[in-house]
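Visitor: Here you go, one structure.
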Amino acid sequence: MGGNVARFEVLPGLGWDNLQNKEAGMLVQYNYSECRTTDDGRYLIPDGVFTVPLKSSQLEVFGELFQHWNNFTSTTSSSVNVEAGLHLGSFGISGKYSHESESVRKHQIMDRSVTTRVQARYARYSAHLQPDTPLNPAFRDRLRNIAYYIQTNKTNMARYHSQLLVRDYGTHVISSVQAGAIISQLDQIKTTFSNSYSMDRRQVVAAASASFMNVFNVGAEYKHSTSTEVIDQYLGNRTHSVINAIGGPVFQPNNFTLNQWASGLSGDLVAVDKSGYPIYELISAQTLPELPPSILFPLIQTVKSAVEEYYKFNIYRGCTDLDSPNFSFIANVDDGTCESPETNYKFGGVYQQCKQSGQLSQNLCNGLVQKNPLTGAQSCPSGYESVLLNEDHVNQQSGFQFGGIYTNKIDNPLTQSRGCPLYFHPLKLGLGMQVCVSDDYELGFRYSVPFAGLFSCMTGNPLAVHQDTSFKNPDMLQSLSSYPKASNNWPRGCPTGYSMHLATIENSCEINYCVKANAFSDKGLPPVRHPPFMDLPGNAYVDSGISEEYMISTGGETWTDLTLANQPNSAEEADRRGDSQGNEDGLSSGSTAAIAIVITLVILATVAMVTVMYRRHQRSRPPYHRLPNPETGAENRREYEATGHTEDSPQTA
Numbered sequence: 029m030g031g032n033v034a035r036f037e038v039l040p041g042l043g044w045d046n047l048q049n050k051e052a053g054m055l056v057q058y059n060y061s062e063c064r065t066t067d068d069g070r071y072l073i074p075d076g077v078f079t080v081p082l083k084s085s086q087l088e089v090f091g092e093l094f095q096h097w098n099n100f101t102s103t104t105s106s107s108v109n110v111e112a113g114l115h116l117g118s119f120g121i122s123g124k125y126s127h128e129s130e131s132v133r134k135h136q137i138m139d140r141s142v143t144t145r146v147q148a149r150y151a152r153y154s155a156h157l158q159p160d161t162p163l164n165p166a167f168r169d170r171l172r173n174i175a176y177y178i179q180t181n182k183t184n185m186a187r188y189h190s191q192l193l194v195r196d197y198g199t200h201v202i203s204s205v206q207a208g209a210i211i212s213q214l215d216q217i218k219t220t221f222s223n224s225y226s227m228d229r230r231q232v233v234a235a236a237s238a239s240f241m242n243v244f245n246v247g248a249e250y251k252h253s254t255s256t257e258v259i260d261q262y263l264g265n266r267t268h269s270v271i272n273a274i275g276g277p278v279f280q281p282n283n284f285t286l287n288q289w290a291s292g293l294s295g296d297l298v299a300v301d302k303s304g305y306p307i308y309e310l311i312s313a314q315t316l317p318e319l320p321p322s323i324l325f326p327l328i329q330t331v332k333s334a335v336e337e338y339y340k341f342n343i344y345r346g347c348t349d350l351d352s353p354n355f356s357f358i359a360n361v362d363d364g365t366c367e368s369p370e371t372n373y374k375f376g377g378v379y380q381q382c383k384q385s386g387q388l389s390q391n392l393c394n395g396l397v398q399k400n401p402l403t404g405a406q407s408c409p410s411g412y413e414s415v416l417l418n419e420d421h422v423n424q425q426s427g428f429q430f431g432g433i434y435t436n437k438i439d440n441p442l443t444q445s446r447g448c449p450l451y452f453h454p455l456k457l458g459l460g461m462q463v464c465v466s467d468d469y470e471l472g473f474r475y476s477v478p479f480a481g482l483f484s485c486m487t488g489n490p491l492a493v494h495q496d497t498s499f500k501n502p503d504m505l506q507s508l509s510s511y512p513k514a515s516n517n518w519p520r521g522c523p524t525g526y527s528m529h530l531a532t533i534e535n536s537c538e539i540n541y542c543v544k545a546n547a548f549s550d551k552g553l554p555p556v557r558h559p560p561f562m563d564l565p566g567n568a569y570v571d572s573g574i575s576e577e578y579m580i581s582t583g584g585e586t587w588t589d590l591t592l593a594n595q596p597n598s599a600e601e602a603d604r605r606g607d608s609q610g611n612e613d614g615l616s617s618g619s620t621a622a623i624a625i626v627i628t629l630v631i632l633a634t635v636a637m638v639t640v641m642y643r644r645h646q647r648s649r650p651p652y653h654r655l656p657n658p659e660t661g662a663e664n665r666r667e668y669e670a671t672g673h674t675e676d677s678p679q680t681a
């Protein structure tokens, strides 16, 4: 192989955080033992990777219009974002926490704008990961460690370390990449300009493309594909613009052309698109042959749950329509609260009854009886209920105000910290939740948010009952004793106009709470929530045998069945343990100790008697003599024979 062959730098096999569009730890092991190269012989590639040269020299230039940030796609990671491989409902937040996506979102909200993107793409190679490529040793050890906790029924430790695995190695593995270069222009254009061309969005895209071509001094024939007037309007309504050069030569603001950029691409290739699949799909009998099949599926499920929890903890439901009064600045999943359904509270009339008691000279009820015109009687129409006015009055300040929920690992959306607002105090709920409450209505009200109940995987939300038509018996809520009976049938959701927020996940059970739509909107965009989402289990390292009973052999070739690791090593050991267990079950500790002492004394007395009798017997017998032997060690062997077989030995005195 020639000395001028460089290593191919744009490789698959990396871990990938699909929420932030960031590289994570190495998942596969690169090995260059086969000295493989790309088909054109220019680059050295690892054994587990193959490349497909894209020999087309076409430079692709195209424009896009994004009217809402939820529809925006990543410039370099759109494929892996779309192919997330997770089924958490009819929504997706992949890539929503990337710097590019958050920048577009902020500008669209603050500037009341839409986004255009024009880019020139050049792809040279496509690199793919071979199936069953050996795993990186560090990643492999982490998986085997989780498998150990699963096998020993340390479920919380397995869950905790799976969350650490996602934190360090990401949610996905990059299985293929396109190597090339991109230069793009991202513009923010006022919504008013976009709306004026609502019947022909192509005019907006054409104006954006013409602006892009102006930057790179492209010929006038393209610029005139749209009118100069539209281009001028476009530039006049532009609130923000950024040009990104990804790969290739460094972008020069002055006198820089696409020809100059294209001519310098070959030496500076980068990943211009990526594909992948969830990290847990790397776990198989081929990549971890030392694990028994009974462990593989629980291991896959545990890591999968950690990936899904990472997604769930970063979902913010609410209204994403900027023009709605219920718009939520932090929402990344629309939950239908933008337009609350109109409620028509039809009036069923009034009536009044009067009953006179005692013997009175006149009827005091005259003029006080009122019939309902809708029924002609003192009653309500069908479908209406009578309400006794002023019978009961509830003080407005009879309960607590709600100030959000947080844990040791999850911030309170209201404060964006692990704490309560001013004048609020935490109340512990569950294993780690802290619910912020306040009874200071004068000073604490400004920091409170309207609250509409809690619900979990086990219990529904009673406050959502009357708005759920599928709930058949709302009268069950009329008494406290009926609550436990009805709780399993309560809707697991929020009342109309309220949005659901995930508080925590305990023992794989989600606990959610409901607050008024857009209640957290004035707090800015929340940062991504990183795992782990639970504290290190309290008994994590109590078992001192974890290092001595580690199940992987030195060479990593065998996996010891932990269900047999603590079993007796022999039948004798089993009998001994059985006898010991029997003693423990049948006798008290004091009785066992007394019996042991008596047996010990009897054994000592017996040994003493045997020793005395043996010595007397030896003194009564004639002595014997050793025969000299010139060979080394023979005398010792003969002595052993004489001592052990005195009666049969012919060597007597």
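So for the sequence shown, the working numbering puts the first residue at 29; every next one is plus one. All residues carry an ideal CB built from backbone N, CA and C; glycine is no exception.
So who's on the other strand from D215, going by DSSP bridges?
Guide: In DSSP, D215 forms a bridge with T144, S269.
Visitor: If I'm right that T144 touches G91 with Cβ under 8 Å, what's the distance once you round it to whole angstroms?
Guide: Confirmed, Cβ separation roughly 6 Å.
Visitor: Would you tell me roughly how many angstroms separate the C-alpha atoms of H200 and K50, rounded to the nearest one?
Guide: If you take the alpha carbons of H200 and K50, they lie about 11 Å apart.
Visitor: Closest to R446 by C-alpha separation, out of K544, G295, Y412, N436, would be which residue?
Guide: For the residues K544, G295, Y412, N436, the minimum Cα distance to R446 belongs to N436.
Visitor: Can you tell which of E88, R64, L193 has its C-alpha closest to the C-alpha of G53?
Guide: Here the closest residue by C-alpha is L193.
Visitor: On the three-state DSSP scale, how would you describe G275?
Guide: Coil, per DSSP.
Visitor: Bridge partners of M461, per DSSP?
Guide: The partner list for M461 (beta bridge, DSSP) reads L457.
Visitor: What residue range does the beta strand (DSSP E) around P306 cover?
Guide: Unbroken beta strand (DSSP E) run through P306: 298-306.
Visitor: Considering only the beta carbon of each residue, do A209 and Y150 sit closer than 9 Å?
Guide: Closer than 9 Å, so yes.
Visitor: When you compare only the Cα positions, how much space is there between K399 and G411?
Guide: Answer to the nearest angstrom: the Cα atoms are 18 Å apart.
Visitor: Along the chain, where does the beta strand (DSSP E) that runs through Y434 open and close?
Guide: Taken as a continuous stretch (DSSP letters only), the beta strand (DSSP E) holding Y434 covers 429-434.
Visitor: Closest to S204 by C-alpha separation, out of A155, T66, A238, would be which residue?
Guide: For the residues A155, T66, A238, the minimum Cα distance to S204 belongs to A155.
Visitor: Quick one: grab the DSSP three-state call for F36.
Guide: Note: F36 maps to coil in three-state DSSP.
Visitor: Taking DSSP's pairing of strands, which residues face V205 in a bridge?
Guide: Beta-bridge pairing links V205 to A155, K302.
Visitor: Counting pairs of beta carbons, one from the segment 66-82 and one from the segment 30-45, are three or more of them closer than 8 Å?
Guide: The segment 66-82 vs the segment 30-45: in contact.
Visitor: What does a CB cutoff of less than 8 Å around Q191 pick up in its chain, not counting 5 residues either side in sequence?
Guide: Taken in chain order, the residues that qualify are A334, E337, Y338, P559, P560, F561, M562.
Visitor: Please return the same chain residues whose Cβ sits closer than 7 Å to the Cβ of V258, not counting the five positions on each side in sequence.
Guide: Closer than 7 Å at Cβ, skipping near neighbours: Q231, A235.
Visitor: Taking T161 as the reference, which of P40, Y469, A545 has the closest Cα?
Guide: For the residues P40, Y469, A545, the minimum Cα distance to T161 belongs to P40.
Visitor: Alpha carbon to alpha carbon, how far is F221 from N242? Give it in angstroms, no decimals.
Guide: If I take the Cα positions, the gap works out to 20 Å.
Visitor: Would you call the segment 276-283 in contact with the segment 132-147, where contact means no fewer than 3 C-beta pairs closer than 8 Å?
Guide: In short, these stretches do not touch, since the Cβ pair count stays below three.
Visitor: My assumption, with CB atoms under 8 Å, is that A547 sits in contact with V477. Please give the rounded CB distance.
Guide: Between V477 and A547 the Cβ distance is about 4 Å, and since that is below 8 Å, they are a contact.
Visitor: Assign K544 to one of three DSSP states: helix, strand, or coil.
Guide: DSSP places K544 in strand when its eight states are reduced to three.
Visitor: Mind checking if I271 is an interface residue toward chain C, Cβ cutoff 9 Å exclusive?
Guide: Note that chain C does not occur in the displayed structure, where there is just one protein chain.
Visitor: Is the separation between the beta-carbon of I539 and that of F483 shorter than 9 Å?
Guide: Yes, the Cβ-Cβ distance between I539 and F483 is below 9 Å.
Visitor: Taking its Cβ as the centre, do 16 or more other Cβ atoms sit within 10 Å of L316, making it buried, or is it exposed?
Guide: The residue is buried, with at least 16 neighbouring Cβ atoms inside 10 Å.
Visitor: To the nearest angstrom, how far is the alpha carbon of N164 from that of V463?
Guide: Taking the straight line joining both Cα atoms gives about 42 Å.
Visitor: List the endpoints of the continuous alpha helix (DSSP H) containing D169.
Guide: That run of the alpha helix (DSSP H) goes 165-179.
Visitor: Roughly how many angstroms lie between the CA atoms of W289 and R152, to the nearest whole one?
Guide: Those two C-alpha atoms are separated by around 14 Å.
Visitor: Please classify E88 as buried or exposed, where buried requires at least 16 other C-beta atoms within 10 Å of its C-beta.
Guide: E88 should be labelled exposed.
Visitor: Taking all protein chains shown into account, do 16 or more other C-beta atoms lie within 10 angstroms of the C-beta of R654, making it buried, or fewer, making it exposed?
Guide: A caution first: R654 carries a pLDDT of 41, below 50, which makes its placement in the model unreliable, though a value can still be read off. R654 should be labelled exposed.
Visitor: Just tell me which of F479, S269, G521, K544 has its CA closest to the CA of C366.
Guide: It is K544.
Visitor: Give the secondary structure of N109 by DSSP, where H, G and I count as helix, E and B as strand, and everything else as coil.
Guide: N109: helix per DSSP, three-state reduction.
Visitor: Residues in its own chain within less than 6 Å of Y470 by CB, not counting five upstream and five downstream?
Guide: It is worth fixing the name first, because residue 470 is Glu in this sequence and not Tyr. Correct list: empty, nothing qualifies.
Visitor: Helix, strand or coil for Y338, going by three-state DSSP, please let me know.
Guide: If DSSP states are grouped into helix, strand and coil, Y338 belongs with the helices.
Visitor: Who does M54 pair with in a DSSP beta bridge?
Guide: DSSP output for M54 lists L42 as bridge partner(s).
Visitor: So is L459 buried or exposed if we call it buried at 16+ other beta carbons inside 10 Å?
Guide: It counts as exposed.
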